[in-house]
Structures are given as structure tokens and as C-alpha cells.
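Residue numbers (the numbering used here): 3 to 160. Even glycine gets a Cβ: it sits at the ideal position worked out from N, Cα and C. Quick caveat: nothing in here was measured; it's all calculated off a predicted structure. The structure appears below as C-alpha cells.
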Amino acid sequence: MPVRLLMMSALLMAGCGSGDANQVPVYKVTGKVIMFGTPLSDASVSFSPKNEQPVATGRTDINGEFVLTTYEYGDGAAEGSYAVLVDKAGTVAGANDAGGDDEHSADVNFDPGASGEHEDGETSKSLVPPAYNSSSDTPLSATVTTDESQNVFEFTIN
Numbered sequence: 003m004p005v006r007l008l009m010m011s012a013l014l015m016a017g018c019g020s021g022d023a024n025q026v027p028v029y030k031v032t033g034k035v036i037m038f039g040t041p042l043s044d045a046s047v048s049f050s051p052k053n054e055q056p057v058a059t060g061r062t063d064i065n066g067e068f069v070l071t072t073y074e075y076g077d078g079a080a081e082g083s084y085a086v087l088v089d090k091a092g093t094v095a096g097a098n099d100a101g102g103d104d105e106h107s108a109d110v111n112f113d114p115g116a117s118g119e120h121e122d123g124e125t126s127k128s129l130v131p132p133a134y135n136s137s138s139d140t141p142l143s144a145t146v147t148t149d150e151s152q153n154v155f156e157f158t159i160n
């Protein structure tokens with residue numbers, strides 16, 4: 003499921019009213035994302051549940067660090083196992099040019115919901131490899147526990 007859809011789901015769930023008796027308990031979760039040896043800033047991080055718990059999302063800061071939110075900003079995530087999705091939108095000049103000199107241009111998978119051509123000819127796309135945007139393909143996972151000291155994660159994207 004694309005990250006944007008997961009984030010929209012989380013926002014809808016957050017808008018359902020805080021203090022709802024049906025809300026499951028959440029525990030503080032923090033972490034860091036490193037891509038190609040450098041902290042990944044301004045990226046969305048989604049914990050996609052493997053069971054029945056709600057989605058938790060966050061955004062990395064300039065140091066690649068994030069705090070997860072389920073219901074209210076920074077409250078954390080529910081106990082359980084998650085597939086971890088990471089996405090960062092960016093623009094690439096001439097990304098639609100055939101035969102570009104970018105050796106990785108053939109590896110780019112455009113998500114119609116995340117891509118689009120701008121008036122200046124630049125195209126937006128995810129700057130993170132496509133596998134990290136799919137709950138069925140991502141190699142990243144996490145298990146949130148009631149022991150918040152264990153809920154500090156570092157994810158590396160190669």
C-alpha cells in the first residue's frame with residue numbers, strides 16, 4: 003500500500019476523536035533513517051501493521067530522526083509487529099527524457115499517485131528505492147513493545 007494512502011488512513015483515524023474508548027494503547031516510538039550512509043531528512047516513515055493495530059506515522063528531521071504518531075502528535079504506536087515504509091518525494095529534471103545518462107534511470111518505478119510533471123519539466127518521484135514504499139516488499143520491520151526503552155529504531159536503506 004503506498005505511503006500516502008497509509009498516511010491518509012492515519013490522519014482519518016486521528017480525526018476520529020482523541021480519548022475514544024476504542025483506541026488501543028500506544029507507546030513512545032522514536033528512530034532514525036539512514037540512506038546510503040547519510041541521515042535521510044524530510045522523509046515520511048509509516049509503521050504498517052502486520053496485525054490489527056492502527057497505522058503510525060512520522061517525518062524525519064534534518065538528522066534523519068523521527069517520532070511516531072497514531073492518535074495525537076508524538077504519542078507513539080500500538081504494541082505489535084510492523085512493516086516499516088519510508089518515502090521521500092523529490093524532483094528530477096528531465097526524468098522523462100529517453101536515454102538519459104543516469105545509470106539508474108531504468109530502475110525508477112513511478113507511482114501515478116506520487117509522480118507528476120511540473121510546468122518547468124521536472125518530474126516528482128520517490129527518492130527512496132521502490133521496495134521501501136511497499137508493505138509487502140520492504141525489508142524493514144519493527145516490533146513495538148510496552149517497554150518504551152526498546153522502541154528506539156534505526157533503519158538503513160542501501
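Remark: C-beta atoms of Ile64 and Ser43 approach each other more closely than 7 Å. In chain order, Ile159 place their CB closer than 6 Å to the CB of Met37, counting only its own chain and leaving out the 5 sequence neighbours on each side. Between Thr32 and Val69 the beta-carbon gap is near 5 Å, inside 8 Å, which marks them as a contact. Membership of Asp89 in the beta strand (DSSP E) is indicated by the continuous run Gly82 to Asp89. Contact fails between the region 51-66 and the region 125-134, because fewer than three Cβ pairs, one in each stretch, are under 8 Å apart. In this structure, Gly82 is the residue among Val35, Ala144, Gly82 and Ser50 with its C-alpha nearest to the C-alpha of Val26. For Gly33, the enclosing beta strand (DSSP E) has its first and last residue at Thr32 to Met37. Residue state for Ala133 is assigned as helix, using DSSP reduced to three classes. A straight line joining the alpha-carbon of Ser138 with that of Asp22 spans about 30 Å.
The distance from the Cβ of Thr148 to that of Tyr29 is about 6 Å, consistent with a contact at the 8 Å cut-off. In terms of Cα proximity to Glu150, the closest of Gly78, Glu54, Gly66 and Tyr73 is Gly78. With contacts defined by Cβ atoms closer than 7 Å, Glu74 and Lys34 do not form a contacting pair. Note: Pro41 is bridge-paired with Ile36 in the DSSP secondary-structure output. For Lys127, the closest alpha carbon among the candidates Ala85, Lys90 and Ser143 is that of Lys90. C-alpha of Asn153 to C-alpha of Val130: approximately 24 Å in a straight line.
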